[in-house]
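As they're listed, the protein sequences go chains A and B. Numbering (our numbering) for the first sequence: 2 to 933. Numbering (our numbering) for the second sequence: 12 to 190. Below is one structure, written out as structure tokens; comments come after it.
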Amino acid sequence: MAKITVDGLSYEVNPDNNLLQECLSQGLDLPYFCWHPCMGSVGACRQCAVKTYRDAEDKNGTLVMACMTPASDGAIVSIEDEQASAFRAGVIESLMTSHPHDCPVCEEGGECHLQDMTQMSGHNYRRYDKLKVTHRNQDLGPFLNHEMNRCITCYRCVRFYDDYAGGTDLAAQASHHHTYFGRFEDGTLESEFSGNLAEVCPTGVFTDKPFSEHYTRKWDLQVAPSVCTGCAVGCNTTPGERYGSLRRVVNRYNSEINGYFLCDRGRFGAHYVNTDNRLRSAKDAAGMTLSTEEAEEKLAAVCAQGAIGIGSPRASVEANFALRCLVGEDNYYSGESAQNHEALQWLLSCLEDEAFSCPTIKEMEGADAVLVLGEDVTNTAPRVALALRQSVRSEATRLAAKARIPSWQDAAVRELAQEAQSPLALFSTGATRLDDVASTTLNADPASLLAAAKAVDVRLAGGSPDYDALIPEASSGASKGETMQAVESVCAALIAAQEPLIVCGSHAGVELMRVAASIARTLSALKSAPCALALLPAEDNSVGHAMLVRPQNTLAAALTKLSDGAASAVIIIENDLTRRAPSAAVTAALQAAEQVVVVDHLNTATTRAATLALPSTSFNEYESSRVNYEGRAQLSFQVSQYPSGTKPVEHWLGVDGALHSASLIARCSAEAAGFASLPKILPDALTRVAGLKVPRQSHRYSGRTAMNANVAVNEGKQAVDENSVMAFSMEGALLQQDASVLASPWAPRWSSNQSITKFQAEVGGELKQEQKGVHLLTRSVQSAVVEPDSHVVSGATDPATKGELGVHFVQQIFGSDELSAHSPAIRERLCDAYVALSPPQAASLGATTGDRLVISGTTTELSLVVRTQTPDTVAMIYPGTSAAGESINALDLPHRITLTRAPDQEAGAASLGLAALIVGDAVFSHARAAEE
Amino acid sequence: MQHKLISSSSSRVLSAAELEEIDHELTLYPTKQSVGLEALKIVQRHQGWVSDESMHAIANYLELPLAELEGVATFFNLIYRRPVGKRVILFCDSVSCWIMGCEKNKARLAERLGIGYGETSADGEFTLIPVPCLGDCDKAPVMMVGDTMHRQVDPASIDALVEGPGNKAFTVDKVGGDE
Numbered sequence: 002m003a004k005i006t007v008d009g010l011s012y013e014v015n016p017d018n019n020l021l022q023e024c025l026s027q028g029l030d031l032p033y034f035c036w037h038p039c040m041g042s043v044g045a046c047r048q049c050a051v052k053t054y055r056d057a058e059d060k061n062g063t064l065v066m067a068c069m070t071p072a073s074d075g076a077i078v079s080i081e082d083e084q085a086s087a088f089r090a091g092v093i094e095s096l097m098t099s100h101p102h103d104c105p106v107c108e109e110g111g112e113c114h115l116q117d118m119t120q121m122s123g124h125n126y127r128r129y130d131k132l133k134v135t136h137r138n139q140d141l142g143p144f145l146n147h148e149m150n151r152c153i154t155c156y157r158c159v160r161f162y163d164d165y166a167g168g169t170d171l172a173a174q175a176s177h178h179h180t181y182f183g184r185f186e187d188g189t190l191e192s193e194f195s196g197n198l199a200e201v202c203p204t205g206v207f208t209d210k211p212f213s214e215h216y217t218r219k220w221d222l223q224v225a226p227s228v229c230t231g232c233a234v235g236c237n238t239t240p241g242e243r244y245g246s247l248r249r250v251v252n253r254y255n256s257e258i259n260g261y262f263l264c265d266r267g268r269f270g271a272h273y274v275n276t277d278n279r280l281r282s283a284k285d286a287a288g289m290t291l292s293t294e295e296a297e298e299k300l301a302a303v304c305a306q307g308a309i310g311i312g313s314p315r316a317s318v319e320a321n322f323a324l325r326c327l328v329g330e331d332n333y334y335s336g337e338s339a340q341n342h343e344a345l346q347w348l349l350s351c352l353e354d355e356a357f358s359c360p361t362i363k364e365m366e367g368a369d370a371v372l373v374l375g376e377d378v379t380n381t382a383p384r385v386a387l388a389l390r391q392s393v394r395s396e397a398t399r400l401a402a403k404a405r406i407p408s409w410q411d412a413a414v415r416e417l418a419q420e421a422q423s424p425l426a427l428f429s430t431g432a433t434r435l436d437d438v439a440s441t442t443l444n445a446d447p448a449s450l451l452a453a454a455k456a457v458d459v460r461l462a463g464g465s466p467d468y469d470a471l472i473p474e475a476s477s478g479a480s481k482g483e484t485m486q487a488v489e490s491v492c493a494a495l496i497a498a499q500e501p502l503i504v505c506g507s508h509a510g511v512e513l514m515r516v517a518a519s520i521a522r523t524l525s526a527l528k529s530a531p532c533a534l535a536l537l538p539a540e541d542n543s544v545g546h547a548m549l550v551r552p553q554n555t556l557a558a559a560l561t562k563l564s565d566g567a568a569s570a571v572i573i574i575e576n577d578l579t580r581r582a583p584s585a586a587v588t589a590a591l592q593a594a595e596q597v598v599v600v601d602h603l604n605t606a607t608t609r610a611a612t613l614a615l616p617s618t619s620f621n622e623y624e625s626s627r628v629n630y631e632g633r634a635q636l637s638f639q640v641s642q643y644p645s646g647t648k649p650v651e652h653w654l655g656v657d658g659a660l661h662s663a664s665l666i667a668r669c670s671a672e673a674a675g676f677a678s679l680p681k682i683l684p685d686a687l688t689r690v691a692g693l694k695v696p697r698q699s700h701r702y703s704g705r706t707a708m709n710a711n712v713a714v715n716e717g718k719q720a721v722d723e724n725s726v727m728a729f730s731m732e733g734a735l736l737q738q739d740a741s742v743l744a745s746p747w748a749p750r751w752s753s754n755q756s757i758t759k760f761q762a763e764v765g766g767e768l769k770q771e772q773k774g775v776h777l778l779t780r781s782v783q784s785a786v787v788e789p790d791s792h793v794v795s796g797a798t799d800p801a802t803k804g805e806l807g808v809h810f811v812q813q814i815f816g817s818d819e820l821s822a823h824s825p826a827i828r829e830r831l832c833d834a835y836v837a838l839s840p841p842q843a844a845s846l847g848a849t850t851g852d853r854l855v856i857s858g859t860t861t862e863l864s865l866v867v868r869t870q871t872p873d874t875v876a877m878i879y880p881g882t883s884a885a886g887e888s889i890n891a892l893d894l895p896h897r898i899t900l901t902r903a904p905d906q907e908a909g910a911a912s913l914g915l916a917a918l919i920v921g922d923a924v925f926s927h928a929r930a931a932e933e
Numbered sequence: 012m013q014h015k016l017i018s019s020s021s022s023r024v025l026s027a028a029e030l031e032e033i034d035h036e037l038t039l040y041p042t043k044q045s046v047g048l049e050a051l052k053i054v055q056r057h058q059g060w061v062s063d064e065s066m067h068a069i070a071n072y073l074e075l076p077l078a079e080l081e082g083v084a085t086f087f088n089l090i091y092r093r094p095v096g097k098r099v100i101l102f103c104d105s106v107s108c109w110i111m112g113c114e115k116n117k118a119r120l121a122e123r124l125g126i127g128y129g130e131t132s133a134d135g136e137f138t139l140i141p142v143p144c145l146g147d148c149d150k151a152p153v154m155m156v157g158d159t160m161h162r163q164v165d166p167a168s169i170d171a172l173v174e175g176p177g178n179k180a181f182t183v184d185k186v187g188g189d190e
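Right under this line is the structure:
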């Protein structure tokens, strides 16, 4: 700790930080633009000028940039000094010369960092009356608007997009007064994290396009703390609602998980809740609409008859638990595919194993050697990919510390490190979007990857000297020599590392997950400390669902029970079974069952097969909890009221206590193994100020008494929310300190999202009274070591069978997630199902990218994408999504297929084509591209 | 690196002469990406300007992101991203030349060629671009036409320039290449 004096008052500060960070951490107001806690300081905008003084005798002082000056012990600083204030006012005046006077029509207005800073700097009157620079804006795709005239050239956009997120298609162009931030030409921004530009930009150059198409000012949005349902990471979000529709999702700061950034699936995918594809009313077998009472009667009859239940990884803990209560634990079945169910059982055992630790996203950023096995994290858990991209900078941080350069000196640290990076090894079947920062990439068929991973384990353990015998001579993709080299470099990196990290996931298959755990176990023995092991499940509540299900109660068992007639009725919650099991098995089971009750908020193939379909609420319409990949339970609050006719699953199922979420959570913690600490996610009622609830609406919420005037002119009663600590009201305790129920930060003089610094104990650190969720599982046991079985790995082929290819499934950030694919903005980024082949394989079929191929023995036709990093014996298949375009049920395909060129014919009417596909290694014939 | 599956604008093939010069530069720098600016200069020397197609070709050849290469190309005023005339007139209108009456010369250029700053004459011969200084203030007003420096320019020498090269009415000094 160091002591500094700011304007005569003394503060205890962290000397590792700079003056700007420390002024903000101490709650002082100091304007800035180019600095960002995740991106450090470059001293570009000159807005945070302060005076520093040599000693008490020094009356003149020196103007310095606070962001470039360490908060060293004994520093004497003045923010309020007349010269410093005048300097800051002059800087902002010159930054603003070409800024348009368009705040009333700008999406950023009311939450604009530039507005806040202009006011704070005292630049009230614009003297510049000359011609302003005007720019041509670009079409940046379905996610973002571009309005370059508003730019103040702080360079934050490219520092985030290029330096932090690894994007390559946005760059600073031209110079001085003409500086332009854009692409080479109009077109979709390629980075999976482009949406963050809307929050990173201090003004309205990059704004959320779906939001501005149906716009509401920040203060008119009804908000509540929520958790993203896009993948298993569980990023914290704040959805905003107005007039009954979801308008946008923004990042909600969580110091351990998402920090300041979301991925585009999370930010733009939630709009599915507004679509026409919602199930809005109860329906019977004939598709006739039922009233709520009729539906409840029918459901009661089914329950009286006795039914089995099928849960879901995309339904909340409460919904799954309510179903388990209703049908009994014996009759409660997994809603996961066979592969995922097995993977999750393994994942749960690893979460309880004391040999491992499960890293938070923040901890992943600090790893100094990473091995990713088989999982394409950019497409399955995108926020993890962004964290791994930061991890390669650990070496730069280490070098900087050695050279005594503060880590926040961004330009200096990059200059020092040059190309030096911490090791990141990617073992994957095809190319990934992290390849550009990887120190080692091994592309091979899944069986060869498994063999290579085993070789890493054996080599690390130091036991068998002939580990190279494990590596097959003939692997497609990488030669034995290349594989050996990759194994050697991975082992060297992991042994040298202080904080090694192993990443795998259910998409990579349970066998590879077992080897991942085995490697982590070997490392933890070597280093005598738990090794970080991140096993990523597929969906937002995969872990919570798996914790409630008995291991033997698989989906296949439930379907067999129905088709055998051992059970005649089934209740399925928020699950489209055609995504989980082969179509034939699902159809047979649902046809055999007398009663099929499906509770869901979307219309799916499964709700269409229901004898009773009941409409449930989407994630933003009720309070619920979910368990992420770490076993961390998080509470997501209700943002808006239920649409009429819909109810949460647990209310439909009507078990004891279900109407009150706290009592259902209490019951779950008492009855379900592993959930004992679940009630800790509930906010403490005693923290309320003077007994007041927390308002969902801002203190400036407008039109409350008029917003329903199109229906009736009398002023309706405010909706009452008895269950929650939050109220559908603008009245209540305005949060200034307590961050445990903080949806939308705001502080006097700070209207933008930058106001989060006012709620942080230290800038970029924890929130005061932060609710970070609760880790449900405790580590106590050594899980059994299970030897992986390479024979069951998909993609293994018999080289004797000519032309036969192993099937490996590809994930896409836009499309592989069931719900987000229905969002209108995401739909514009979807592509059709496709099969990717290596150039030699494609040549042997006489086909090129865009051609149609048929899977022999079936009528299934897929478009071809030739990808250079595909192993020769593998067909990488993206099955598409039923939300739009061509799709297939992945589980209907055999493990091995042969392909032939389809007779020339037009693609189907529902075809989306492949134009939206962004992959690093695609090749296509130039002649063909020119034709298009 | 090519990321998008289908790109909306296409590439051209770099000529053997261009490639030879670029390959020579590659031997002088530690990484391929460092050669971006030199490659732009080489292509401009051969083509007169740098078209979108040339940008694609250079980016592909040097494995540089297009947006980054565009950042370099647009940062430097003398890399032309739009077609220019056969000869580019770099016209100094900074203080010394202004004192010595460059305005009259500019007016004469407009009168004879019908072009202002940033414009190309109808016959495609001349493009007029202002520059802040050419470092020859003692012989102001000055301008550069192609690689040739013109000193103590007056409206008569503008006429001579327009009517044809080789006229002895104005001073001509050949200056070296662009280094």
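Don't be surprised by glycine CBs; every beta carbon is placed ideally from N, CA and C. All values derive from a computational prediction rather than experimental measurement.
What residues match up with residue i in a beta bridge as DSSP calls it?
i: TYR40 (chain B); result: According to DSSP, which records beta bridges pairwise, TYR40 (chain B) is partnered with nothing at all.
i: GLY807 (chain A); result: A:VAL875, A:ARG897
i: GLU862 (chain A); result: A:VAL855
i: GLY478 (chain A); result: Answer by DSSP bridge pairing: none, since GLY478 (chain A) is not bridged.
i: VAL782 (chain A); result: A:ASP354
i: HIS179 (chain A); result: In the DSSP output, where bridge partners are listed per residue, HIS179 (chain A) has none listed.
From this set, the options, which residue's C-alpha is nearest residue i's C-alpha?
i: ALA432 (chain A); options: A:LEU913, A:HIS823, A:SER626, A:HIS809; result: A:HIS809
i: GLN48 (chain A); options: A:LEU29, A:PRO71, A:SER86, A:SER79; result: A:SER86
i: LYS403 (chain A); options: A:ALA418, A:GLN391, A:SER392, A:LEU389; result: A:ALA418
i: VAL875 (chain A); options: A:LYS648, A:PRO447, A:GLU512, A:GLU624; result: A:PRO447
i: ILE100 (chain B); options: B:PRO141, B:GLU64, B:LEU80; result: B:PRO141
i: ALA50 (chain A); options: A:LYS60, A:LEU20, A:GLY75; result: A:LEU20
i: THR523 (chain A); options: A:TYR254, A:ARG668, A:ASP458, A:ASN275; result: A:ASP458
i: LEU806 (chain A); options: A:PRO746, A:ILE898, A:SER664, A:ALA762; result: A:ILE898
i: SER99 (chain A); options: A:SER176, A:ASP354, A:TYR129, A:LEU560; result: A:TYR129
i: ASP165 (chain B); options: B:ARG119, B:VAL54, B:LYS52; result: B:ARG119
Is it buried or exposed, residue i, if we count other Cβ atoms within 10 angstroms and call 16 or more buried?
i: LEU450 (chain A); result: buried
i: VAL920 (chain A); result: buried
i: VAL712 (chain A); result: exposed
i: GLY796 (chain A); result: Low confidence applies to GLY796 (chain A): its pLDDT is 49, below 50, so where it sits in the model is not reliable, and the reading given next is rough at best. Classification for GLY796 (chain A): buried.
i: MET289 (chain A); result: exposed
What three-state label does DSSP hand residue i in the structure shown?
i: LYS773 (chain A); result: coil
i: VAL371 (chain A); result: strand
i: HIS957 (chain A); result: The structure shown has nothing for residue 957 (chain A), since chain A only spans 2 to 933.
i: LYS52 (chain B); result: helix
i: HIS652 (chain A); result: helix
For the ligand ATP, is there a heavy atom less than 7 angstroms away from the beta-carbon of residue i?
i: THR706 (chain A); result: In the structure shown, the ligand ATP is absent, as is every other ligand, since no ligand is present at all.
Query raised in the report: Mind pulling the alpha helix (DSSP H) runs of 4 or more residues that sit fully within the region 301-329 of chain A?
Result: Fully enclosed alpha helix (DSSP H) runs of 4 or longer: 318-328.
**Report entry** Contained alpha helix (DSSP H) runs [length at least 4] in the region 209-269 of chain A, N- to C-terminal order
**Finding:** Counting only runs of at least 4 residues, the region 209-269 of chain A fully encloses the following alpha helix (DSSP H) elements, listed from N- to C-terminal order: 210-214.
**Report entry** Ranges of the beta strand (DSSP E) found wholly within the region 697-725 of chain A, counting only runs of at least 3
**Finding:** Whole beta strand (DSSP E) segments, 3+ residues: zero.
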